[in-house]
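Using our numbering, you'd call the opening residue of the sequence shown number 171 and step up by one each time. Ideal placement from N, C-alpha and C gives every residue a C-beta, glycine not left out. Note that this is a predicted model, so its numbers are computed, not measured.
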Amino acid sequence: MRVLLMDDEAIGRWVEMRVALWPDTPAADHRAEVESCLAEGDRYASFLCEDEAGVAAGFAEASIRHDYVNGCETSPVGFLEGIYVLPAYRRRGVARALITAVERWATSRGCQELASDTATDNLRSQSLHMALGFEETE
């Protein structure tokens, strides 16, 4: 597996995975958000994990937040905005590789903490967050 910083060439695969993670949002809206993230590279980063054949296995999106982030004591804070691993690649270290890339990116921008959130009824996401080292704060 290898993790790459998303760029213009990855937009199609990125949008496909965003639609899988957030299916209630139209693909055109996802594409507009992706293009906006690419235009603000100092504030946003997205990472693509590929298998040995170059097939997309998952992605993670992160931002730098300067506002108050629940449970954090410092600013700025790296914030995991979303993470998705295709079902065929789950439990193979993809999410861990993506989080490592997010952590490195956030640290390189002066962040001492990484935060995220998830819905209270999304037990699968909560389980993933805990496995990745996040702690519930609120």
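CB G248 to CB T277, shorter than 9 Å?
-> For G248 and T277, yes; Cβs fall inside 9 Å.
Taking only runs of the beta strand (DSSP E) that begin and end inside the stretch 251-299, which ones reach a length of at least 3 residues, in chain order?
-> Positions of the beta strand (DSSP E) runs, each at least 3 residues long and wholly inside the stretch 251-299, are given as 284-286 in order along the chain.
Just how far apart, CA to CA, sit C242 and G263?
-> Taking the CA atoms as reference points, C242 sits about 26 Å from G263.
Given a threshold of 16 other Cβ atoms within 10 Å of its Cβ, counted over all protein chains shown, does L297 qualify as buried or as exposed?
-> Just to set this straight, residue 297 is Ser in the shown sequence, not Leu. Looking at its Cβ environment, which holds fewer than 16 other Cβ atoms inside 10 Å, S297 is exposed.
Cα-Cα separation, E231 to A223 = Between E231 and A223, the alpha-carbon positions lie close to 22 Å from each other.
Could you have a look at V239 and say whether DSSP puts it in helix, strand or coil?
-> Three-state DSSP puts V239 in coil, outside helix and strand.
C-alpha gap between C240 and E203, whole angstroms = A quick correction: the sequence has Asn, not Cys, at residue 240. One C-alpha to the other measures close to 24 Å.
Between M187 and D221, is the Cβ-Cβ spacing less than 9 Å?
-> M187 is not a Cβ neighbour of D221, given a cutoff of 9 Å.
For R172, which of helix, strand or coil comes out of DSSP?
-> When secondary structure is reduced to three states using DSSP, R172 falls in the strand class.
Which two residues bound the contiguous alpha helix (DSSP H) that contains A215?
-> For A215, there is no enclosing alpha helix (DSSP H); the enclosing beta strand (DSSP E) has its first and last residue at Y214 to E220.
Provide the residue(s) that pair with V247 in DSSP beta bridges, ordered along the chain.
-> Answer is R235, bridged to V247.
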